[in-house]
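Mapping of the sequence shown onto mature numbering (1 follows the signal peptide of the UniProt record, and there is no 0): residues -20 to -1, 1 to 156, in sequence order. Ideal Cβ positions, reconstructed from N, Cα and C, are used throughout, including at glycine. A quick write-up on the structure given underneath.
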Amino acid sequence: MKHAATAIAFALLSAGAARAEVLDAQSNGFATKRSVVIAKPAAEVWAALVQPAKWWSSEHTWSGSAANLSLGAASGACFCEKMPNGGSVLHMTTVNAQPGKQLTLFGGLGPLQLSGATGHMIWALAEKDGKTTVTWSYDAGGYMRGGLDKIAPIVDQVLGQQQDRLKAYLETGKAG
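Shown next, in the form of structure tokens:
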């Protein structure tokens, strides 16, 4: 069986062509941001956002199945994943939940969990004329062997893919 870190790194490298914008990348941290307009009202976007099992890519999970993901939309809740044999993964903790407006999470995704790095992710929703602009930003900092600037483009690509999957799920009923 492959080591989990190797599997996650491979999954990150094989992500789709979606790209967010890396705003800054240094050895000790990075910032990425991307906005997309979804042809649905903010209440519907929020309802889907907090159900990652319906739109997150299974390729970017520790268990290999997005069906194992959950996201609690209240402070202190978590973006968690059930693992085989009763195990679990805490990806991020919810620190700010404003239904239909903003969800802020704190923690490390994927290979960041294997380092001394962590970050905060903000999903901001702004509705206009029945459409919702979702602006997704992720700032991470700390120590990672080789430097966080090296992984920033990969994280950027993976988060872009997830945002595209959320949009597709909401507009077509299918994430992929």
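Backbone CA spacing between residue i and residue j [nearest angstrom]
i, j, result
"alanine 28", "threonine 98", "25 Å"
"serine 15", "lysine 108", "14 Å"
"alanine 23", "proline 79", "8 Å"
"leucine -8", "glycine 90", "Confidence at leucine -8 is low in this model, with a pLDDT of 36, below 50, so its placement is unreliable and the value that follows should be read with caution. The straight-line gap from Cα to Cα measures roughly 12 Å."
"lysine 147", "tryptophan 103", "13 Å"
"alanine -6", "glycine 156", "Any reading at alanine -6 needs caution, since the residue's pLDDT is 37, under 50, leaving its predicted position unreliable; the model's value is listed next. Answer to the nearest angstrom: the Cα atoms are 12 Å apart."
"lysine 130", "serine 7", "8 Å"
"serine 37", "leucine 128", "23 Å"
"glycine 88", "lysine 154", "27 Å"
"alanine 57", "threonine 74", "5 Å"
"glutamine 82", "tyrosine 123", "28 Å"
"serine 68", "lysine 62", "4 Å"
"tyrosine 149", "glutamine 93", "27 Å"
Spatial neighbours of residue i in its chain, beta-carbon cut-off 8 Å, leaving aside the 5 residues before and after
i, result
"glutamate 151", "Ile18, Ala19, Lys20"
"residue 168", "Any question about residue 168 goes unanswered here, given that the chain covers just -20 to 156."
Residue closest to residue i, alpha-carbon to alpha-carbon, out of the options
i, options, result
"glutamine 143", "Leu3, Val25, Phe10, Gln6", "Val25"
"tryptophan 116", "Val138, Tyr149, Gly122", "Val138"
"arginine 145", "Val75, His40, Tyr123, Leu83", "His40"
"serine 50", "Leu70, Cys60, Gly66", "Cys60"
"histidine 71", "Gly52, Gly140, Asp4", "Gly52"
"phenylalanine 55", "Gly44, Ala47, Leu85", "Note on residue identity: the sequence assigns serine, not phenylalanine, to residue 55. With distances taken between Cα atoms, serine 55 lies closest to Leu85."
"glycine 44", "Ala57, Pro64, Cys58", "Pro64"
"glycine 66", "Gly96, Phe10, Asn48, Gln82", "Asn48"
"aspartate 4", "Asn76, Pro133, Thr73", "Pro133"
"serine 95", "Gly110, Gly126, Asn76", "Gly126"
"alanine 77", "Ala120, Gln141, Met101, Trp42", "Met101"
"glycine 9", "Val69, Lys62, Ala120", "Ala120"
Sheet register partners of residue i (DSSP bridge)
i, result
"glycine 96", "Tyr123"
"glycine 87", "Met72, Gly99"
"glutamate 107", "Thr112"
"serine 15", "Thr115"
"glutamate 61", "Leu49, Val69"
"glutamine 141", "In DSSP, glutamine 141 forms no bridge with anything."
"glutamate 1", "Lys13"
Close beta carbons around residue i, own chain, < 6 Å, minus the five adjacent residues each side
i, result
"threonine 113", "Ser15, Val17, Ala106"
"threonine 12", "Ala(-1), Val2, Tyr118, Asp136"
"valine 30", "Leu51, Ala53"
"arginine 46", "Per the sequence presented here, residue 46 reads as alanine, with arginine not at that position. Excluding sequence neighbours, alanine 46 sits near Ala33, Trp36, Ser38."
Cutoff 7 Å: residue i Cβ touching any chain D Cβ
i, result
"glycine 56", "Any reference to chain D falls outside this structure, which holds one protein chain only."
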